[in-house]
Each structure stands twice: as C-alpha cells, then as structure tokens.
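Chemist:
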Amino acid sequence: MKFLSSPTRFLFFTGKGGVGKTSIACASAVQLAEAGRRVLLVSTDPASNVGQVFGQTIGNTITAVTSVPGLDALEIDPEQAAADYRERIIGPVRAFLPAREIAEMTEQLSGSCTTEIASFNEFTGLLSDPTLVADYDHVLFDTAPTGHTIRLLKLPGDWTGFLDTGKGDASCLGPLSGLEKQRTLYGGAVTALADPSVTRLVLVARAQASSLAELARTAEELSETGIKPSNVVINGVLPDTAGADDSLVVAIREREQAAVADMPASLAGVPRDVIELKPDNMVGLAALRSLFDGSTTLPMDSVSYLREDIAPSLNDMVDDLAAPGHGLIMCMGKGGVGKTTIAAAVATRLAELGHEVHLTTTDPAGHLAHTMGEGDALPTLTMSQVNPAQAVQEYRDHVMATKGKDLDEAGRALLAEDLLSPCTEEVAVFKQFSRLVNQARRTFVVMDTAPTGHTLLLMDAAGSYHREIARNMPEGAHYATPMMRLQDPDYTRILLVTLPETTPVLEAGILEDDLKRAGIQPWAWVINQSLAAATTTSPLLRHRAIQEQGPVDSVRARAKRLAIVPLLHEEPIGPKRLARLAS
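My numbering puts the first residue of the sequence shown at 553, with every later residue one more than the last.
1) Alpha carbons only, please: which of R758, T615, S580, E904 is nearest the one belonging to A811?
2) For I894, which option in P650, A587, P1118 has the closest C-alpha, if you only look at C-alpha atoms?
3) Any idea what DSSP makes of Q760, helix, strand or coil?
4) Given a threshold of 16 other Cβ atoms within 10 Å of its Cβ, counted over all protein chains shown, does Q942 qualify as buried or as exposed?
5) By DSSP, does H690 sit in helix, in strand, or in coil?
6) Check for me: the beta strand (DSSP E) holding S595 runs from which residue to which?
7) Tell me the DSSP bridge mates of S1082?
8) Per DSSP, what kind of secondary structure is R1037 in: helix, strand or coil?
9) How far does the beta strand (DSSP E) with F1185 in it reach, from first residue to last?
10) Mind checking whether F648 and F564 have CB atoms under 8 Å apart?
11) Note down, one range per segment and in chain order, each beta strand (DSSP E) of at least 3 residues found wholly within the segment 591-658.
12) Return the residue from the list A820, P791, A899 that minimises the CA-CA distance to A768.
13) Out of F555, K891, I576, which one is the CA nearest neighbour of G788?
14) Under three-state DSSP, which class holds L707?
15) Rounded to whole angstroms, what's the CA-CA distance from A1109 to I1098? Just pull it up for me.
16) Take P682 as the anchor and find which of S763, F562, G622, G611 has the nearest alpha-carbon.
17) For V835, tell me which candidate among V605, V750, R901 has the shortest Cα-Cα distance.
18) For V898, which of helix, strand or coil comes out of DSSP?
19) How many Å lie between D876 and A1086 at the Cα?
20) So, is H950 buried or exposed, given that buried needs 16 or more other C-beta atoms within 10 angstroms?
21) Look up A796 in the DSSP assignment and say whether it is helix, strand or coil.
22) Measuring alpha carbon to alpha carbon, tell me which of S1082, M882, L930 ends up nearest M999.
23) With the cut-off set at 8 Å, would you say P1041 and W1075 are in Cβ contact?
24) Would you tell me roughly how many angstroms separate the C-alpha atoms of E1122 and K983, rounded to the nearest one?
25) For M935 and A921, what's the separation of their Cα atoms in angstroms?
26) Let me know the secondary structure DSSP gives R1132 once reduced to three states.
27) Out of R1045, P1034, G603, state which residue places its alpha-carbon closest to the alpha-carbon of N990.
28) If we count Cβ pairs, one from each stretch, closer than 8 Å, do we get three or more for the segment 796-804 versus the segment 1055-1064?
29) Can you tell me where the alpha helix (DSSP H) with T913 in it begins and where it stops?
30) Can you tell me where the beta strand (DSSP E) with N787 in it begins and where it stops?
31) Looking only at its own chain, which residues have a Cβ that is under 8 Å from the Cβ of A1131, when we skip the five neighbours before and after it?
32) Assuming the contact rule is C-beta atoms closer than 8 Å, L753 and V784 should be a hit. Round their C-beta distance to whole Å, please.
33) Using 10 angstroms around the beta-carbon of K1068, count the other beta-carbons present and answer buried if the total reaches 16, otherwise exposed.
34) Can you tell me the Cα-Cα spacing of D868 and A1111, whole angstroms?
35) Measure how close the beta-carbons of L584 and L626 come, nearest whole angstrom, since I'm counting them as under 8 Å.
36) Going by alpha carbons, who is nearest to G740 out of H690, V938, T676, V1049?
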C-alpha cells in the first residue's frame, strides 16, 4: 500500500461514513505493529467500534490490544470527554455557589460546543504533547465521518484565530474558559497537522460518484486550512473473480469504473491505492491481515438465505406514512447509508399519491440535487437545501443588526469576533431547521438530515431551545417548540436508515438510544442496499448476502417497523427510478 510506504509519525484516515476507515486504520495498525513498530490507534468517532473489530473492550484509556504485541488503542468518547471537561470547570466552584448557579453553569456547558471542545482537547494533546506519545513510533487516527472530521481538523485554526483577537460575550465563552491556558498546545497541533513530514492524511472512499465527490470537497476544505491530503484509498472494489456473467456484478462494476474514471481533478493526481471487496466483514485478526493482500478467496458455502425472510417493501411503509395527510418525516443515520436516496424516494412516492410534499436537506455535503437528477418534475413536490454557509451569514448579519446596534465600536468588534466561533453554524442552521419543522403542520416535510454526528448536534440545539422557551413562558401558557414537535409521534416520523452490515447497524442503534434519551421515538428502520433482497448468482455477492443475516436479525429485534431496500442494478437517480424504489 502506497499510504504505508515510509509512514509518518501521525496518520489520519478520513472519509464519508461507511467507506471502511475503521477497517483500514485497524489493518494498518496491525501491519505496522507486526513489522516491529510501536503503534497507538486512536478513534475520535462518536460511534467508535475499534473494540469490536479486535474483540475486546478498549474505552477511554490507552489499552493494549492483547492479540497484537506492540499495538495499543484508545477510543475518545466525545460525551465522556465533555462530562470530564464540565467537571474540570465546575468542580472547583461547586461547594461555593448556590445550586441554581451550578445548574445554569452545567446548562451552559451542555451544548454541542462543549462536546466539540472537549474532544478537541484530547485530540490536540496527542498531536502536540511529546510526552503523551513518546513511547510510539506511529499514532493512527480513525476519525469520524467527513463532516465531523472537517470540523475537528478545522478547529485548531478556528479557535486559535478566535483566541488571538479576544473574546466576545456570546454562547461559546463558557466552554472557551477552559482553553486559555492551552494556546501553545493548539498552536503545536496546527503545526503538526499541516506538516507533511509529520502527518499523512489518507482520504478513504468507495468507488461511487457521491463518495468521491464528497472526498474531493473534503480535500479542498482541508487544503484551505493548510492541510494537504497525501493519499487516496478506494475501498471495497469488486474483484475480477466476482463473476462476469452476473448482471448485478456487471452493473456494479460499470458504476465503479465510471466513478473512478470521472474522479474529480483535485483527487486524480493524489497517490492512490485500491482495496478489493472481501467476502467477510473485517472483524478479527485474520480478516485484518487479509485486507491488503490483493487476493480474494471465494467461499464454497455461498447460498443466499431465503428471500421470503425479507421484510415488507418501502412502498408499504410509505402508505402508512401517507395516512395522516401531513407531518414531518426525517431520515436519520450515519453518513453513507443512503439517507438522501430514501428521503427522495419517500418524498417522490408521497407526491405521486397526490400529497403536497417539501423535500429538504440539512446535510452540508448537499447530495439531494444529485439524487433527484433530471426527469419529469412532480407538480406537488418542492425542494430546498439549508445551506450552512448562507445560514451562518444571515445569522451573523441578524445578530450584528440587533444585539450589536447599541454597542460602541469596540463592543461591535468583540461581538463580530465571537460570531466567528465554530459553534455559530449549529445555531444558524437550527434557526432554518425550526421553520421547516413548523411547515409540516400543513404539508409533508421530508428531511434528509446530516450524518449522525451533525444530527445529534441538531437535536441538542433543539433541546436547548426548548428549555429556554419553557423558562421564559408564563405558567400555563400554550406553546410548541421544535423539540416538542420532534417528540410528538403523531407529528414526526423518524426513519432510521442503515446498511445490512455490523457497524452501520451498531451505530444506528446508538443513535436510536440517543434519540430515546431525548424523548424522541424512532418510527421505523430502513435497511438499504441489501444484497439478500437483490437477485444475484455471484458467489462473492451471495456470500456477502449471508453476512447480512446477523445485522438484519439485530434490527428485527429492536424495530417496530422495518423495510428492506435491495441493491439495485441502476443507481436510484431521478424521479422515475426513485419512484420504483418505493413501489
């Protein structure tokens, strides 16, 4: 593998969710450790599964991987990091302040900004404090999906620039109070990230047009911060032995070849590795060792399980969704599972049934226009995108025109700097989002929400807004906040979208638990791109179909409603193909 040739001290693996970053990071760590290097593998993904891959508990402290001498691992849990960070700030004053003030401080330090900053603290220490990683030749970071990773990697520049020019008096100052003493640490992290002799950034994608397009955006955004991607890995490519006479294999291979041939120019010149699709999931040491060997041994037991086990179609689910005549339908899940496709298919089918439908996305990657494609427009279907950059600018302008209008020049300058905080995007996007929630009182609003990390931050912002409204309303007054709408099962139907694979199902389950803790009950699960629901004669694909049985059974055990969508010969782009997906 080119990306493991003369490896640097730090290696980052980043890319859209579901492309195999964890597998590649784990396999790389094993290869380096078995070559005699001392290696630390770090996960900063909110839904880390490194422990599952190695078959042991890892957790929030550096832990030896018992099956691989020389390899240690660490999972940075963002929620635990945030709790520890809160306690470091509140703990020293807990005994001296009234309970109400402590509760208010806790509330101020319970937002998405605190979680981000706390994770950032852990992340930068490993990069810039030599004593923390002195025992290791290499430190590998299995980072979160693209949107979250960009925010994580851009934080050093954002926060350093913000602290250089002084603090304002808005929402970020609570969590920022714990940062001032560590500016040297952050400067060191920025330097390490931007130095190609110290850090190698490996971009991981599948051979799919949407995956490669998002990877190009990632590369461009990181390059703007001074961090140049060094390698590209295209993972899960169908091998030549998959079966040339199977129509599904032919269709997948043609899509993959076209996607790679049309790869964005910003990626075309970057050193590239290709990893073939393996028959089994990457769990256990033997599987990890085989990932880079370039050979795919076809199993002999490749008989797909019975098709009658497959759940009802998406069409049956849409009929149930249509019954109330209006409402909010949200497709949630990790990036790369096909939320955009499912949202577009549901919206298209509802519009075909004659309902007024508004389809929108809060995903910064904005896949919706690509998925809808070209074709005959449906008269009752409208579309929009909450553009984060535009939302931020509108929000900043509004705050400067209202809160800033009575400030003196110095005060306005401080407020302007405070609005450059990275958390401003969450607030701005939420303001747009809340308008869409209310629109569902009259029509159907179908939302293709952002990948899991973003979605949870969105829910957190809604929860904070709910508490703020409730505090300021007279007792007995009637009101309905966006959070209350989300918690109303008659108003909001949440579809958890996942893939029939171990890790995506695990991560969707974590999301479901998080939603339940917020008082939000998912309405149904959708398993997308199922080989078991497709028709294929390929031994490799049939064996991959067998691998789906465990994850599908896991979903059946917890889902009130379930639809399984097959992997299709044609990509579901454009209204006609989308309608077929849900019919």
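Positions of the beta carbon are idealized from the N, C-alpha and C atoms, including for glycine. Small disclaimer: the values here were computed from a predicted structure and weren't measured.
Modeler: Once the coordinates are examined:
1) If you number the sequence shown from 1, residue 811 lands on position 259. Considering only alpha carbons, the answer is R758.
2) Position 342 of the sequence shown, counted from the start, is the residue given in the question as residue 894. Checking every option, the nearest Cα to that of I894 belongs to P1118.
3) Locating residue 760 in the sequence shown gives position 208, counting from the first residue. Residue state, collapsed to three classes: coil.
4) Along the sequence shown, read from residue 1 onward, the residue named residue 942 stands at position 390. Label assigned to Q942: exposed.
5) By one-based count along the sequence shown, residue 690 stands at place 138. Here H690 sits in strand by DSSP.
6) Within the sequence shown, residue 595 is the residue found at index 43, counting from 1. Counting along the chain, the beta strand (DSSP E) containing S595 begins and ends at 591-595.
7) Taking the sequence shown and counting its residues from 1, the one referred to as residue 1082 is at position 530. P1118.
8) Working through the sequence shown from its first residue, we reach residue 1037 at position 485. R1037 falls in the helix class under three-state DSSP.
9) No answer is possible for residue 1185: it lies beyond the span of the chain, which begins at 553 and ends at 1135.
10) For this step, residue 648 is matched to residue 96 along the sequence shown. For this step, residue 564 is matched to residue 12 along the sequence shown. Taking 8 Å as the Cβ cut-off, F648 and F564 do not qualify as a contacting pair.
11) 591-595, 623-627
12) By one-based count along the sequence shown, residue 768 stands at place 216. Looking at the Cα atoms, A820 is the closest of the given residues.
13) The sequence position of residue 788 within the sequence shown is 236, counting from 1. Ranking the options by Cα distance to G788, first place goes to I576.
14) Taking the sequence shown and counting its residues from 1, one reaches residue 707 at position 155. Because L707 sits at a pLDDT of 49, beneath the cut-off of 50, its placement in the model cannot be relied upon, and the following sentence gives the value as read from the coordinates. Looking at L707 - three-state DSSP - the assignment turns out to be helix.
15) As a first step, residue 1109 is located in the sequence shown; it is residue number 557 there, counting from the start. As a first step, residue 1098 is located in the sequence shown; it is residue number 546 there, counting from the start. Taking the straight line joining both Cα atoms gives about 18 Å.
16) As a position in the sequence shown, residue 682 is number 130, starting the count at 1. Closest option to P682, Cα to Cα, is F562.
17) For the purposes of this step, residue 835 is taken as residue 283 along the sequence shown, with counting starting at 1. Per the Cα distances, V605.
18) Position 346 of the sequence shown, counted from the first residue, corresponds to residue 898. Helix, per DSSP.
19) In the sequence shown, the residue the question calls residue 876 occupies position 324. In the sequence shown, the residue the question calls residue 1086 occupies position 534. The question names Asp, but residue 876 in the sequence shown is Pro. Approximately 32 Å, taken between the alpha carbons.
20) Along the sequence shown, read from residue 1 onward, the residue named residue 950 stands at position 398. Looking at its Cβ environment, which holds fewer than 16 other Cβ atoms inside 10 Å, H950 is exposed.
21) Numbered from 1 along the sequence shown, position 244 holds the residue referred to as residue 796. A796: coil per DSSP, three-state reduction.
22) Position 447 of the sequence shown holds residue 999. Ranking S1082, M882, L930 by Cα distance to M999 puts M882 first.
23) Looking up residue 1041 in the sequence shown gives position 489. Looking up residue 1075 in the sequence shown gives position 523. Their beta carbons are under 8 Å apart, which means P1041 touches W1075 by this criterion.
24) By 1-based counting over the sequence shown, the position of residue 1122 is 570. By 1-based counting over the sequence shown, the position of residue 983 is 431. Using only the alpha carbons, I get a separation of about 37 Å.
25) As a position in the sequence shown, residue 935 is number 383, starting the count at 1. As a position in the sequence shown, residue 921 is number 369, starting the count at 1. One C-alpha to the other measures close to 9 Å.
26) In the sequence shown, the residue the question calls residue 1132 occupies position 580. Correct three-state label for R1132: helix.
27) For this step, residue 990 is matched to residue 438 along the sequence shown. Among R1045, P1034, G603, the Cα nearest to that of N990 belongs to P1034.
28) no
29) Within the sequence shown, numbered from 1, the residue matching residue 913 stands at position 361. Not the alpha helix (DSSP H): T913 falls in the beta strand (DSSP E), residues 909-913.
30) The residue you call residue 787 lines up with position 235 of the sequence shown. Start and end: 783-789.
31) Within the sequence shown, numbered from 1, the residue matching residue 1131 stands at position 579. Within the same chain, A1131 has close Cβ partners A897, T900, R901, E904.
32) For this step, residue 753 is matched to residue 201 along the sequence shown. For this step, residue 784 is matched to residue 232 along the sequence shown. Their Cβ separation, rounded to whole angstroms, is 10 Å, which puts L753 and V784 out of contact at 8 Å.
33) Within the sequence shown, numbered from 1, the residue matching residue 1068 stands at position 516. K1068 is exposed by the Cβ-count criterion.
34) Locating residue 868 in the sequence shown gives position 316, where the first residue counts as 1. Locating residue 1111 in the sequence shown gives position 559, where the first residue counts as 1. Cα to Cα, D868 sits roughly 16 Å from A1111.
35) Position 32 of the sequence shown, counted from the start, is the residue given in the question as residue 584. Position 74 of the sequence shown, counted from the start, is the residue given in the question as residue 626. Actually they are not in contact, since the Cβ atoms of L584 and L626 sit about 16 Å apart, beyond 8 Å.
36) Taking the first residue of the sequence shown as 1, we reach residue 740 at position 188. Among H690, V938, T676, V1049, the Cα nearest to that of G740 is on T676.
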